[in-house]
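**Q**
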């Protein structure tokens, strides 16, 4: 894994895109980044869009189109400098610098997320966890303190986190969301299986494995129907 | 939470859709189902598409279009019978009956998933977990045994699972995937941050919180750029 600190040195300033960038493009950028980090770590210096296609399964034309939202990349006949491309994509996504994150819900899932190594590798640092359960408050998990949820507003004035991970039960998710927004949170990664209602200046992404499993369940049956024909 | 056993009694056979159903439609079906279950549990008998829009944020025309892939639903002027719609959507997604699932990777994330209450509520039962770490093999977590990964093929001849949850580190994910496919798995929910290579008869859905966080990180900055203007 390349030290992402190198992003800073190599990253150029990328101008703001002129149009709204589609979310699937942003998702694919993270996939490219993943491969570029690994390639950089193995000492590969340049890469072609054809090789990106071979490695990621995303076709070369799509790759070039995705990058075109953010300016000029690569050199004809030479390809893309791995370190430079890695740095620019990290900067586009604003994951070239450390971002403080707070987590609400120090249950099984929350604890697993606190210990997830990929977060730090991508410069997401969970700085504090919050819970309302007296049995969890005061615990120290993976070097992270679990604080009383009632202290969220006060503590985030100091922490200054704008991103939160929400790992609370569905019936608590909306009320905690309102507390998060009041405390200055502007982006929420929601693991609770409900749709959160938020004002327009707050962004939410949902991680729902139940939804994913239900889609798989459907696709599995669809595949079998085809085989039977 | 309504007992999903009631699905069986109420569900009608839904004919196979004539065309390939878009994945976003399937994802929205799981959202509708979520609300229908809660509504049914609170004793609500019928619902209009306008109310679905109010509750889920998905517009009424989209809701009707999503259902139209699967036949006729609801009665003009009356709306939709909650229990019936719930049963039919569950049957469409094939989550009206218990499905055995195996989990590979009994680390922090895997253990949290084993204890996740939403799985059983949606009739997904993790029947066995597998790991290759001798310190984890033989453990009994959330009433689930952790077995030696080398026994995957043998044990799945008995278990008959076709869906697997993959919660192993990125560097092990592809080789474990190949073992899963060999053992009869046809659908994989992948938590490892890599794209798995699978033959065409196997379906994969990826859960990547790093990807989701990176998209949030981008959207957060985009929002601030707009505010500054």
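Protein chains in written order, with our numbering: chain P, 1 to 229; chain Y, 1001 to 1229.
Built from N, CA and C at the ideal position, the CB exists for glycine as well.
Since this is a predicted model, take the numbers as computed values, not measurements.
For the alpha helix (DSSP H) holding residue 63(P), just list the boundary residues, first then last.
**A** Residues 60 to 68.
**Q** If you follow the beta strand (DSSP E) that residue 1100(Y) is in, where does it begin and where does it stop?
**A** 1099 to 1104
**Q** Go ahead and label residue 1098(Y) buried or exposed: buried means 16 or more other beta carbons lie within 10 angstroms of its beta carbon, across all protein chains shown.
**A** exposed
**Q** Return the residue from the list 1175(Y), 1107(Y), 1152(Y) and 1048(Y) that minimises the CA-CA distance to residue 1075(Y).
**A** 1048(Y)
**Q** Since residue 1166(Y) is in the beta strand (DSSP E), which residue starts that stretch and which ends it?
**A** 1163 to 1166
**Q** May I have the straight-line CA-CA distance separating residue 58(P) from residue 1093(Y), to the nearest angstrom?
**A** 28 Å
**Q** Could you tell me whether any non-hydrogen atom of the ligand SAH is closer than 7 Å to the CB of residue 1171(Y)?
**A** Within the structure as shown, the ligand SAH is missing, as the structure has no ligands at all.
**Q** How would you label residue 1005(Y), buried or exposed, when you count the other beta carbons within 10 angstroms and need 16 or more for buried?
**A** Below a pLDDT of 50, predicted positions are generally treated as unreliable, and residue 1005(Y), at 35, falls in that range; the measurement from the model is reported next regardless. Its Cβ having fewer than 16 others within 10 Å, residue 1005(Y) is exposed.
**Q** Just to check my reading of the structure: residue 141(P) and residue 111(P) have Cβ atoms closer than 8 Å, yes? What is that Cβ distance to the nearest angstrom?
**A** 5 Å
**Q** Measure the CB-CB distance between residue 1039(Y) and residue 122(P) and report whether it falls below 8 Å.
**A** no
**Q** Give the DSSP-derived three-state secondary structure of residue 94(P) in the structure shown.
**A** coil
**Q** Classify residue 1086(Y): buried if its beta carbon has 16 or more other beta carbons within 10 angstroms, exposed otherwise.
**A** Per the 10 Å Cβ criterion, buried.
**Q** Using the Cβ count rule (16 or more neighbours within 10 Å means buried), how would you classify residue 45(P)?
**A** exposed
**Q** Considering just the uninterrupted stretch of the alpha helix (DSSP H) at residue 154(P), what are its terminal residues?
**A** For residue 154(P), the enclosing alpha helix (DSSP H) starts and ends at 152 to 159.
**Q** When burial is assigned at 16 or more other CB atoms within 10 Å of the CB, is residue 1151(Y) buried or exposed?
**A** exposed
**Q** Taking residue 132(P) as the query, report the chain Y residues whose CB atoms sit under 9 Å from its CB, ordered along the chain.
**A** The contacting residues do not exist; residue 132(P) stays about 18 Å from chain Y at best.
**Q** Is there at least one Cβ from chain Y nearer than 8 Å to residue 223(P)'s Cβ?
**A** Yes, residue 223(P) counts as interfacial toward chain Y.
**Q** Quick check for students: name the residue ranges of the alpha helix (DSSP H) that lie wholly in the stretch 108 to 141 of chain P, counting only runs of 4 or more.
**A** Unbroken alpha helix (DSSP H) stretches of 4 residues or longer found wholly inside the stretch 108 to 141 of chain P: 108 to 114 and 117 to 121, given in chain order.
**Q** Apart from the five residues on each side of it in sequence, which residues of its chain come closer than 7 Å, Cβ to Cβ, to residue 64(P)?
**A** 49
**Q** Would residue 211(P) count as contacting chain Y if we go by Cβ distances under 8 Å?
**A** yes
**Q** At a CB-CB cut-off below 7 Å, which residues of chain Y make contact with residue 118(P)?
**A** 1193 and 1210
**Q** Are the Cβ atoms of residue 1180(Y) and residue 1164(Y) separated by less than 8 Å?
**A** yes
**Q** Enumerate in chain order the residues of its own chain whose CB-to-CB distance from residue 1146(Y) is below 6 Å, with the five nearest sequence positions on each side excluded.
**A** Taking C-beta separations shorter than 6 Å and ignoring five residues to either side along the sequence, the partners of residue 1146(Y) in its chain run 1106, 1129, 1131, 1136, 1137 and 1139, following chain order.
**Q** I want to see whether chain Y comes within less than 8 Å of residue 189(P), judged by CB atoms only; does it?
**A** So, interface residue.
**Q** Would you list the residues sitting across from residue 144(P) in a DSSP beta bridge?
**A** 141(P)
**Q** Can you pull the DSSP bridge partners for residue 1075(Y)?
**A** 1079(Y)
**Q** Do we get a CB-CB distance below 8 Å when we pair residue 1217(Y) with the residues of chain P?
**A** yes
**Q** Under a three-way DSSP split, which group does residue 1204(Y) fall into?
**A** strand
**Q** By DSSP, does residue 189(P) sit in helix, in strand, or in coil?
**A** strand
**Q** When DSSP builds the beta bridges, which residues end up paired with residue 1046(Y)?
**A** Beta-bridge annotation (DSSP): residue 1046(Y) is paired with 1081(Y).
**Q** Does residue 253(P) come within less than 8 Å of chain Y when only Cβ atoms are used?
**A** The requested residue 253(P) does not occur in the structure, where chain P is confined to residues 1 to 229.
**Q** List the residues of chain Y whose Cβ lies closer than 7 Å to the Cβ of residue 207(P), in chain order.
**A** 1207, 1209 and 1212
**Q** Leaving out five residues before and five after residue 1115(Y) in sequence, what residues of the same chain have Cβ atoms less than 7 Å from its Cβ?
**A** Cβ-Cβ distances below 7 Å link residue 1115(Y) to 1142 in the same chain, with the five nearest sequence neighbours on each side left out; the list follows chain order.
**Q** With 16 as the cutoff for other CB atoms within 10 Å, does residue 133(P) come out buried or exposed?
**A** Taking all protein chains in view, the Cβ of residue 133(P) is surrounded by fewer than 16 other Cβ atoms within 10 Å, so the residue is classified as exposed.
**Q** Establish whether the CB of residue 1063(Y) and some CB of chain P are separated by less than 8 Å.
**A** no
**Q** If we define contact as Cβ-Cβ less than 8 Å, is residue 1108(Y) a contact residue for chain P?
**A** It does: the Cβ of residue 1108(Y) has a partner Cβ on chain P nearer than 8 Å.
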